[in-house]
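A.B. asks: Residue numbers (the numbering used here), protein chains in the order written: chain C, 363 to 503; chain G, 363 to 503.
Can you keep this structure in mind? I'll have questions shortly.
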DNA sequence: GTACGTGCAAAGAATTTGCAGATAA
DNA sequence: TTATCTGCAAATTCTTTGCACGTAC
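Structure (structure tokens):
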């Protein structure tokens, strides 16, 4: 599906800027923060402002077209993949990794929250990623 | 256990300020943010500074004596209860609720992260709490 | 033409830093 | 004494706001 139609499917008017931001999110699965998106897009769209990035991402989240991750307490990160999945933040390299979330996980996890109306579930892991674990081993030898 | 001994068990030197902050965390299960802790303790300790609250909480988290919650993107909240449990943030009243985490949840959730070294797991829910749901119903009738 | 979108500059707010004085072993 | 802790003030950084201009239907 083209990005324009994708935005429309979330009832978001596709402006040039919004298309650019969504395109970036859909092609960069790095869970970028505002600054990364801004820096990247600014190269080809010099007039693009950070305010617009803020506005756009807030709009995306409100319309369910993107996820805001609060796994990093420094700044918010954004994810264009809205399918349920978990996230792992490596405290060494600060990368965020996607992890699968088993089908029955959500159902089971809901058992304790009967009386609550749940809009969103986030499962965050923090620790050391395989890459950094490997590096640590090499440095020890 | 007295708070002094509790802090010592985490290898934290118990100063007057640290005891006060930990006492507050252990007796107020409201997942307070920095400002709440500061405002509350400032009444009885007028010289206590916000910087010290920041320093103290960072120390607690580093030593595993408290949890930092990133469920609210506005500011960090802190939890003196370090036993594994989930959190629910009500988007209406902004209260954070504790929820049980079934014993086998953690084991099962770890199955996808074999190659990772997991230090911390956080399960966050967002939505509407029972109290606010009740209020909404009343307002509709 | 009217509503909506964009972007600059300024404001606001949370957190960190530098450093000097206070405290404790 | 000597290292550690505290707290003020300033700096830094992320995010929001106000407002005027641009754009699109």
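Don't be surprised by glycine CBs; every beta carbon is placed ideally from N, CA and C.
Indicate whether residue 454 of chain G and residue 494 of chain G have their beta-carbon atoms separated by less than 8 angstroms.
C.D. replies: Less than 8 angstroms divides the Cβ of residue 454 of chain G from the Cβ of residue 494 of chain G.
A.B. asks: Which value, in whole angstroms, describes the spacing of the CA atoms of residue 433 of chain G and residue 408 of chain C?
C.D. replies: 34 angstroms
A.B. asks: 8 angstroms is my cut-off, CB to CB: does residue 482 of chain G come that close to chain C?
C.D. replies: yes
A.B. asks: At 4 residues or longer, and completely inside the segment 385 to 457 of chain G: list those alpha helix (DSSP H) runs for me, N to C.
C.D. replies: 396 to 404, 412 to 424
A.B. asks: Quick test of the definition: if touching needs 3 or more C-beta pairs under 8 angstroms, does the segment 384 to 397 of chain C touch the segment 411 to 428 of chain C?
C.D. replies: yes
A.B. asks: Of all the CB atoms in chain C, is at least one closer than 8 angstroms to the CB of residue 400 of chain G?
C.D. replies: no
A.B. asks: So which residues of chain G does residue 477 of chain C contact, with C-beta pairs closer than 9 angstroms?
C.D. replies: 491, 492, 495
A.B. asks: Near residue 423 of chain G, which residues of its chain fall below 6 angstroms by C-beta distance, leaving aside the five closest residues on each side in sequence?
C.D. replies: Result list for residue 423 of chain G: 430, in chain order.
A.B. asks: Below 8 angstroms between beta carbons: does that hold for residue 481 of chain C and residue 488 of chain G?
C.D. replies: Result yes, Cβ atoms of residue 481 of chain C and residue 488 of chain G sit closer than 8 angstroms.
A.B. asks: Going by alpha carbons, who is nearest to residue 486 of chain G out of G:363, G:463, G:492, G:475?
C.D. replies: Closest by alpha carbon: G:463.
A.B. asks: Buried or exposed: where does residue 476 of chain C fall if 16 or more other Cβ atoms within 10 Å of its Cβ makes it buried?
C.D. replies: exposed
A.B. asks: Could you name the residues of the segment 422 to 435 of chain C whose beta carbon sits closer than 7 angstroms to any beta carbon of chain G, in the order they occur along the chain?
C.D. replies: 430, 432, 433, 435
A.B. asks: So, does the CB of residue 461 of chain G fall closer than 8 angstroms to a CB anywhere in chain C?
C.D. replies: yes
A.B. asks: Give me the residue from C:442, C:460, C:456, C:439 with the minimum Cα distance to residue 449 of chain C.
C.D. replies: C:460
A.B. asks: Just tell me which of G:387, G:414, G:491, G:374 has its CA closest to the CA of residue 444 of chain G.
C.D. replies: G:387
A.B. asks: Would residue 490 of chain G and residue 452 of chain G be called neighbours here (beta carbons separated by less than 8 angstroms)?
C.D. replies: yes
A.B. asks: Is the beta carbon of residue 374 of chain G less than 8 angstroms from the beta carbon of residue 427 of chain G?
C.D. replies: yes
A.B. asks: Which term fits residue 383 of chain C, buried or exposed, when burial requires 16 or more other beta carbons within 10 angstroms of its beta carbon?
C.D. replies: Buried is the call here.
A.B. asks: When the Cα atoms are used, what is the spatial distance from residue 367 of chain G to residue 442 of chain G?
C.D. replies: Rounded to whole angstroms, residue 367 of chain G to residue 442 of chain G spans 15 angstroms at the Cα level.
A.B. asks: Can the beta-carbon of residue 406 of chain C be found less than 8 angstroms from the beta-carbon of residue 385 of chain C?
C.D. replies: no
A.B. asks: Under 8 angstroms between the Cβ atoms of residue 412 of chain G and residue 400 of chain G?
C.D. replies: yes
A.B. asks: Is the shortest distance between the beta-carbon of residue 488 of chain G and the beta-carbons of chain C less than 8 angstroms?
C.D. replies: So, interface residue.
A.B. asks: Near residue 425 of chain G, which residues of its chain fall below 7 angstroms by C-beta distance, leaving aside the five closest residues on each side in sequence?
C.D. replies: 372, 373, 374
A.B. asks: Which residues does DSSP list as the beta-bridge partners of residue 489 of chain G?
C.D. replies: C:480, G:452
A.B. asks: By the DSSP assignment, the alpha helix (DSSP H) with residue 366 of chain C in it spans what residues?
C.D. replies: 365 to 370
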